[in-house]
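Engineer: Quick note: the sequence shown uses the working numbering, first residue 28, plus one each step.
Please read through the structure below; I'll follow up with questions.
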Amino acid sequence: MKVKHIMDYTVQNIIDVIMDSIPQAVRTDTVDTIKIGDPGMKVSGIVSTFIITMDVIRKAESLGANLIITHEPTYYDHRDEVEKWLKDDPVVAKKRKMMERKKIAVWRFHDNWHRNNPDGIVTGMAYKLGWEKYQGPVNQQVFTRDPITLKQLADELKKTFNLKTIRVIGRPEQKIRQIGLTVGAYGGDYQVKFLSKHGDVDTLVCGETVEWQTGEYIRDATLQGREISLVILGHVLSEQEGMNYLVEWLRPKVPGLPIHYVEVPDLFSYL
28 MKVKHIMDYT VQNIIDVIMD SIPQAVRTDT VDTIKIGDPG MKVSGIVSTF IITMDVIRKA
88 ESLGANLIIT HEPTYYDHRD EVEKWLKDDP VVAKKRKMME RKKIAVWRFH DNWHRNNPDG
148 IVTGMAYKLG WEKYQGPVNQ QVFTRDPITL KQLADELKKT FNLKTIRVIG RPEQKIRQIG
208 LTVGAYGGDY QVKFLSKHGD VDTLVCGETV EWQTGEYIRD ATLQGREISL VILGHVLSEQ
268 EGMNYLVEWL RPKVPGLPIH YVEVPDLFSY L
(Lines of atoms letter the chains of each structure in order from A and count residues from 1; the text may use other names and numbers.)
(Lines give C-alpha, C1' and ligand atoms only; values in the text may rest on other atoms or scores of the structure.)
Protein backbone atom coordinates (compact mmCIF):
# COMPACT_ATOMS: atom_id res chain seq x y z
CA MET A 1 0.00 0.00 0.00
CA LYS A 2 1.27 3.47 -0.89
CA VAL A 3 2.37 5.49 2.15
CA LYS A 4 -0.12 8.22 2.92
CA HIS A 5 0.30 11.61 4.51
CA ILE A 6 -0.55 11.48 8.21
CA MET A 7 -3.83 13.38 7.69
CA ASP A 8 -4.95 11.01 4.94
CA TYR A 9 -5.36 7.89 7.06
CA THR A 10 -8.94 6.84 7.71
CA VAL A 11 -10.11 4.17 10.12
CA GLN A 12 -10.62 1.80 7.20
CA ASN A 13 -7.14 2.59 5.83
CA ILE A 14 -5.60 1.50 9.14
CA ILE A 15 -7.65 -1.69 9.20
CA ASP A 16 -6.64 -2.47 5.62
CA VAL A 17 -2.94 -1.90 6.37
CA ILE A 18 -3.14 -4.31 9.30
CA MET A 19 -5.20 -6.98 7.58
CA ASP A 20 -3.06 -6.87 4.45
CA SER A 21 -0.05 -7.64 6.67
CA ILE A 22 -1.56 -10.80 8.18
CA PRO A 23 -0.88 -14.03 6.25
CA GLN A 24 -4.19 -15.60 5.20
CA ALA A 25 -6.21 -13.05 7.14
CA VAL A 26 -9.79 -14.01 7.97
CA ARG A 27 -12.17 -11.26 6.84
CA THR A 28 -15.52 -13.02 7.27
CA ASP A 29 -16.98 -14.78 10.29
CA THR A 30 -14.59 -12.92 12.59
CA VAL A 31 -14.91 -10.66 15.62
CA ASP A 32 -12.31 -8.32 14.09
CA THR A 33 -14.83 -5.64 13.17
CA ILE A 34 -15.57 -1.99 13.88
CA LYS A 35 -17.59 -1.75 17.09
CA ILE A 36 -18.39 1.95 16.91
CA GLY A 37 -17.44 4.85 14.67
CA ASP A 38 -17.23 5.83 11.02
CA PRO A 39 -14.78 3.82 8.88
CA GLY A 40 -14.25 6.94 6.77
CA MET A 41 -13.21 9.12 9.73
CA LYS A 42 -9.73 10.65 9.55
CA VAL A 43 -7.45 9.17 12.21
CA SER A 44 -5.57 11.60 14.46
CA GLY A 45 -3.87 8.90 16.51
CA ILE A 46 -4.21 5.29 17.62
CA VAL A 47 -4.42 3.67 21.03
CA SER A 48 -3.65 -0.04 21.31
CA THR A 49 -5.03 -1.74 24.40
CA PHE A 50 -6.00 -5.13 25.78
CA ILE A 51 -9.60 -4.10 26.48
CA ILE A 52 -11.47 -0.84 26.17
CA THR A 53 -12.49 0.53 29.57
CA MET A 54 -13.90 3.91 30.56
CA ASP A 55 -10.39 4.93 31.62
CA VAL A 56 -8.95 3.83 28.27
CA ILE A 57 -11.50 6.02 26.47
CA ARG A 58 -10.50 9.02 28.61
CA LYS A 59 -6.80 8.30 28.05
CA ALA A 60 -7.28 8.09 24.29
CA GLU A 61 -8.92 11.51 24.29
CA SER A 62 -6.09 13.01 26.36
CA LEU A 63 -3.56 11.58 23.88
CA GLY A 64 -5.43 13.04 20.91
CA ALA A 65 -6.20 9.57 19.56
CA ASN A 66 -9.58 8.85 17.99
CA LEU A 67 -9.06 5.19 17.02
CA ILE A 68 -8.82 2.51 19.70
CA ILE A 69 -7.65 -0.94 18.69
CA THR A 70 -8.77 -3.41 21.35
CA HIS A 71 -7.99 -7.09 21.66
CA GLU A 72 -11.07 -7.98 23.68
CA PRO A 73 -14.78 -7.10 23.35
CA THR A 74 -16.17 -3.65 23.97
CA TYR A 75 -19.59 -4.68 25.26
CA TYR A 76 -19.02 -7.82 27.38
CA ASP A 77 -19.95 -10.29 24.64
CA HIS A 78 -17.56 -12.16 22.34
CA ARG A 79 -19.26 -10.81 19.23
CA ASP A 80 -20.44 -7.58 20.91
CA GLU A 81 -24.02 -8.51 20.06
CA VAL A 82 -25.43 -6.75 23.12
CA GLU A 83 -28.62 -5.75 21.34
CA LYS A 84 -29.70 -9.36 21.78
CA TRP A 85 -29.38 -9.46 25.57
CA LEU A 86 -28.31 -6.07 27.00
CA LYS A 87 -30.29 -3.74 24.76
CA ASP A 88 -31.36 -1.26 27.45
CA ASP A 89 -28.52 -1.77 29.89
CA PRO A 90 -27.35 1.56 31.42
CA VAL A 91 -23.67 0.55 31.60
CA VAL A 92 -23.59 -0.26 27.89
CA ALA A 93 -25.50 2.92 27.05
CA LYS A 94 -23.18 5.18 29.06
CA LYS A 95 -20.07 3.63 27.53
CA ARG A 96 -21.44 3.96 24.01
CA LYS A 97 -22.53 7.57 24.54
CA MET A 98 -19.11 8.48 25.89
CA MET A 99 -17.40 7.17 22.75
CA GLU A 100 -19.97 8.85 20.50
CA ARG A 101 -19.52 12.15 22.30
CA LYS A 102 -15.74 11.99 21.98
CA LYS A 103 -15.99 10.80 18.34
CA ILE A 104 -13.90 7.70 18.99
CA ALA A 105 -13.89 4.67 16.70
CA VAL A 106 -13.17 1.19 18.04
CA TRP A 107 -11.88 -1.75 16.04
CA ARG A 108 -11.24 -5.16 17.54
CA PHE A 109 -8.07 -7.02 16.57
CA HIS A 110 -8.34 -10.47 18.07
CA ASP A 111 -8.68 -13.40 15.67
CA ASN A 112 -6.13 -12.20 13.15
CA TRP A 113 -3.56 -11.03 15.70
CA HIS A 114 -3.53 -14.57 17.03
CA ARG A 115 -3.48 -15.83 13.44
CA ASN A 116 -0.37 -13.82 12.60
CA ASN A 117 2.84 -15.80 12.26
CA PRO A 118 4.18 -15.59 14.87
CA ASP A 119 1.10 -15.05 17.04
CA GLY A 120 1.23 -11.38 18.04
CA ILE A 121 -0.06 -11.93 21.56
CA VAL A 122 2.30 -14.81 22.33
CA THR A 123 5.22 -12.83 20.86
CA GLY A 124 4.52 -9.82 23.06
CA MET A 125 4.25 -12.04 26.10
CA ALA A 126 7.52 -13.82 25.29
CA TYR A 127 9.27 -10.43 24.99
CA LYS A 128 7.83 -9.29 28.32
CA LEU A 129 9.03 -12.45 30.06
CA GLY A 130 12.39 -12.52 28.28
CA TRP A 131 11.53 -16.01 27.06
CA GLU A 132 11.97 -15.56 23.32
CA LYS A 133 15.32 -17.37 23.53
CA TYR A 134 13.53 -20.39 25.03
CA GLN A 135 10.74 -20.54 22.45
CA GLY A 136 10.46 -23.65 20.33
CA PRO A 137 10.98 -23.30 16.55
CA VAL A 138 7.82 -25.26 15.74
CA ASN A 139 5.45 -24.82 18.67
CA GLN A 140 5.43 -21.19 19.82
CA GLN A 141 3.62 -22.16 23.03
CA VAL A 142 6.40 -24.39 24.41
CA PHE A 143 9.48 -22.90 26.07
CA THR A 144 12.53 -24.95 27.10
CA ARG A 145 14.93 -23.50 29.66
CA ASP A 146 17.48 -24.55 32.26
CA PRO A 147 15.72 -26.29 35.15
CA ILE A 148 14.18 -24.15 37.88
CA THR A 149 11.66 -24.93 40.60
CA LEU A 150 7.99 -24.02 40.51
CA LYS A 151 8.67 -21.63 43.39
CA GLN A 152 11.42 -19.91 41.40
CA LEU A 153 9.17 -19.61 38.35
CA ALA A 154 6.37 -18.17 40.46
CA ASP A 155 8.76 -15.64 42.02
CA GLU A 156 10.03 -14.69 38.57
CA LEU A 157 6.49 -14.07 37.31
CA LYS A 158 5.55 -12.12 40.42
CA LYS A 159 8.55 -9.84 39.93
CA THR A 160 7.84 -9.35 36.21
CA PHE A 161 4.21 -8.39 36.79
CA ASN A 162 4.66 -6.74 40.20
CA LEU A 163 2.40 -9.25 41.96
CA LYS A 164 2.25 -10.03 45.66
CA THR A 165 0.65 -13.42 45.10
CA ILE A 166 0.10 -15.83 42.23
CA ARG A 167 -2.17 -18.90 42.01
CA VAL A 168 -0.48 -22.25 41.41
CA ILE A 169 -1.31 -25.95 41.54
CA GLY A 170 1.67 -28.16 42.25
CA ARG A 171 4.66 -28.74 44.51
CA PRO A 172 6.80 -25.60 45.06
CA GLU A 173 9.97 -27.71 44.80
CA GLN A 174 9.00 -29.35 41.48
CA LYS A 175 11.74 -29.09 38.85
CA ILE A 176 10.62 -27.36 35.66
CA ARG A 177 12.36 -27.40 32.29
CA GLN A 178 9.57 -27.21 29.70
CA ILE A 179 6.86 -24.59 30.09
CA GLY A 180 3.61 -24.47 28.16
CA LEU A 181 1.97 -21.08 27.64
CA THR A 182 -1.75 -20.79 26.92
CA VAL A 183 -2.61 -17.11 27.04
CA GLY A 184 -6.05 -15.58 27.49
CA ALA A 185 -9.19 -17.65 27.91
CA TYR A 186 -8.33 -20.92 26.21
CA GLY A 187 -10.94 -23.29 27.62
CA GLY A 188 -10.33 -26.32 29.76
CA ASP A 189 -10.78 -28.62 26.77
CA TYR A 190 -7.86 -26.95 24.99
CA GLN A 191 -5.62 -26.91 28.06
CA VAL A 192 -6.21 -30.57 28.94
CA LYS A 193 -5.61 -31.64 25.33
CA PHE A 194 -2.44 -29.50 25.29
CA LEU A 195 -1.11 -31.24 28.41
CA SER A 196 -2.10 -34.64 27.05
CA LYS A 197 -0.34 -34.00 23.75
CA HIS A 198 2.78 -32.43 25.25
CA GLY A 199 3.77 -35.02 27.83
CA ASP A 200 7.18 -33.37 28.35
CA VAL A 201 5.65 -30.08 29.52
CA ASP A 202 6.34 -29.67 33.24
CA THR A 203 4.09 -26.71 33.93
CA LEU A 204 1.39 -24.74 32.18
CA VAL A 205 1.28 -20.96 32.53
CA CYS A 206 -2.19 -19.79 31.60
CA GLY A 207 -4.49 -16.82 31.61
CA GLU A 208 -7.88 -18.12 32.69
CA THR A 209 -8.67 -21.75 33.40
CA VAL A 210 -11.55 -24.08 34.21
CA GLU A 211 -10.91 -25.53 37.63
CA TRP A 212 -12.99 -28.69 37.24
CA GLN A 213 -11.20 -29.50 33.97
CA THR A 214 -7.60 -28.34 33.88
CA GLY A 215 -7.21 -28.09 37.64
CA GLU A 216 -8.57 -31.55 38.35
CA TYR A 217 -6.66 -33.09 35.43
CA ILE A 218 -3.44 -31.76 36.95
CA ARG A 219 -4.43 -32.94 40.42
CA ASP A 220 -5.08 -36.47 39.18
CA ALA A 221 -1.94 -36.51 37.03
CA THR A 222 0.08 -35.45 40.08
CA LEU A 223 -1.51 -38.14 42.25
CA GLN A 224 -0.62 -40.67 39.54
CA GLY A 225 3.04 -39.66 39.77
CA ARG A 226 3.43 -37.17 36.90
CA GLU A 227 5.42 -34.07 37.85
CA ILE A 228 3.20 -31.31 36.51
CA SER A 229 1.87 -27.96 37.70
CA LEU A 230 -0.25 -24.96 36.75
CA VAL A 231 0.38 -21.23 37.12
CA ILE A 232 -2.59 -18.90 36.66
CA LEU A 233 -1.75 -15.34 35.63
CA GLY A 234 -5.25 -14.18 34.73
CA HIS A 235 -6.53 -13.06 31.34
CA VAL A 236 -5.29 -9.46 31.42
CA LEU A 237 -1.70 -10.17 32.45
CA SER A 238 -1.34 -13.12 30.10
CA GLU A 239 -2.29 -11.20 26.95
CA GLN A 240 -1.96 -7.46 27.16
CA GLU A 241 1.75 -7.33 26.34
CA GLY A 242 0.73 -8.54 22.90
CA MET A 243 -1.05 -5.23 22.40
CA ASN A 244 2.07 -3.41 23.53
CA TYR A 245 3.97 -5.32 20.86
CA LEU A 246 1.32 -4.27 18.32
CA VAL A 247 2.56 -0.67 18.61
CA GLU A 248 6.08 -1.74 17.59
CA TRP A 249 4.72 -3.94 14.79
CA LEU A 250 2.32 -1.34 13.39
CA ARG A 251 4.34 1.88 13.68
CA PRO A 252 6.54 1.38 10.57
CA LYS A 253 3.46 0.47 8.52
CA VAL A 254 1.81 3.87 9.16
CA PRO A 255 4.77 6.28 9.41
CA GLY A 256 4.10 9.59 11.09
CA LEU A 257 0.88 8.53 12.78
CA PRO A 258 0.98 8.69 16.60
CA ILE A 259 0.43 5.24 18.13
CA HIS A 260 0.21 4.68 21.87
CA TYR A 261 -0.09 1.66 24.13
CA VAL A 262 -2.45 2.03 27.09
CA GLU A 263 -2.02 -0.56 29.81
CA VAL A 264 -5.04 -1.88 31.68
CA PRO A 265 -4.66 -2.67 35.40
CA ASP A 266 -5.20 -6.25 36.48
CA LEU A 267 -8.88 -6.84 37.16
CA PHE A 268 -8.50 -8.35 40.62
CA SER A 269 -7.20 -7.13 43.95
CA TYR A 270 -6.69 -9.27 47.04
CA LEU A 271 -7.82 -8.48 50.58
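Each residue gets a CB set at the ideal place from its N, CA and C atoms; glycine is no exception.
Just so you know, these numbers come straight off a predicted model, no measurement behind them.
Could you tell me which of TRP134, VAL219 and MET125 sits nearest to ILE255, measuring between CA atoms?
Structural biologist: In the sequence shown, residue 255 corresponds to position 228, counting from 1. Comparing Cα positions, the closest option is VAL219.
Engineer: Hey, quick one: how far does the beta strand (DSSP E) through ARG194 stretch, first residue to last?
Structural biologist: Sequence index remark: in the sequence shown, residue 194 carries index 167 (1-based). Note, ARG194: beta strand (DSSP E), 194-196.
Engineer: Decide yes or no for the touch test of the segment 131-150 against the segment 39-51: beta carbon pairs closer than 8 Å, at least 3 of them.
Structural biologist: Yes: at least three Cβ pairs fall under 8 Å.
Engineer: Which of the three DSSP states is assigned to LEU250 in this structure?
Structural biologist: Within the sequence shown, the letter at position 223 stands for residue 250. Three-state DSSP puts LEU250 in a helix.
Engineer: How far does the alpha helix (DSSP H) with ARG142 in it extend, from its first residue to its last?
Structural biologist: Translated into the one-based positions of the sequence shown, residue 142 becomes position 115. 138-142 is the extent of the alpha helix (DSSP H) around ARG142.
Engineer: Pull up the CB-CB distance for GLU266 and GLY211, whole angstroms please, since I reckon it's below 8 Å.
Structural biologist: Taking the sequence shown and counting its residues from 1, one reaches residue 266 at position 239. Taking the sequence shown and counting its residues from 1, one reaches residue 211 at position 184. Contact flag correct, Cβ pair sits at about 5 Å.
Engineer: Counting C-beta neighbours from all protein chains within 10 Å, is the total for PHE300 16 or more, i.e. buried, or is it exposed?
Structural biologist: As displayed, the chain neither begins before 28 nor continues past 298, which places residue 300 out of reach and without an answer.
Engineer: Pull up the DSSP beta-bridge partners for TYR288, would you.
Structural biologist: Here residue 288 is taken as the residue at index 261 of the sequence shown, counted from 1. For TYR288, which the question treats as bridged, DSSP gives the partners SER75.
Engineer: Taking the alpha-carbon positions, what's the ARG253 to THR57 distance?
Structural biologist: By one-based count along the sequence shown, residue 253 stands at place 226. By one-based count along the sequence shown, residue 57 stands at place 30. The straight-line gap from Cα to Cα measures roughly 39 Å.
Engineer: Just how far apart, CA to CA, sit ARG194 and LEU177?
Structural biologist: Translated into the one-based positions of the sequence shown, residue 194 becomes position 167. Translated into the one-based positions of the sequence shown, residue 177 becomes position 150. So the two alpha carbons sit approximately 11 Å from each other.
Engineer: I believe LEU231 touches LEU222 by the beta-carbon criterion, under 8 Å. Please report the beta-carbon distance rounded to the nearest angstrom.
Structural biologist: As a working mapping, residue 231 is identified with position 204 in the sequence shown. As a working mapping, residue 222 is identified with position 195 in the sequence shown. Confirmed, Cβ separation roughly 6 Å.
Engineer: How is ILE255 classed by DSSP in three states: helix, strand or coil?
Structural biologist: On the sequence shown, residue 255 is found 228 positions in, with the first residue counted as 1. Correct three-state label for ILE255: coil.
Engineer: Is the distance from the Cβ of ILE175 to the Cβ of ILE203 below 8 Å?
Structural biologist: For the purposes of this step, residue 175 is taken as the residue at position 148 of the sequence shown. For the purposes of this step, residue 203 is taken as the residue at position 176 of the sequence shown. Contact flag set, yes.
Engineer: Quick one: what does DSSP say ASP116 is sitting in, helix, strand or coil?
Structural biologist: Residue mapping note: residue 116 aligns to position 89 of the sequence shown, counting from 1. Coil, per DSSP.
Engineer: Quick one: using the 10 Å Cβ neighbour count with 16 as the cut-off for buried, is PHE295 buried or exposed?
Structural biologist: As a position in the sequence shown, residue 295 is number 268, starting the count at 1. Exposed, since its Cβ has fewer than 16 Cβ neighbours within 10 Å.
Engineer: For GLY207, which beta-bridge partners are listed by DSSP?
Structural biologist: Here residue 207 refers to the residue found at position 180 of the sequence shown. Paired residues: VAL169 and LEU231.
Engineer: Is GLN167 near ASP146, with beta carbons less than 8 Å apart?
Structural biologist: Position 140 of the sequence shown holds residue 167. Position 119 of the sequence shown holds residue 146. In this structure, ASP146 lies closer than 8 Å to GLN167 by Cβ.
Engineer: Going by alpha carbons, who is nearest to GLY215 out of GLY91, THR241, ALA181 and PRO199?
Structural biologist: Start at 1 with the first residue of the sequence shown, and residue 215 comes out as number 188. Considering only alpha carbons, the answer is THR241.
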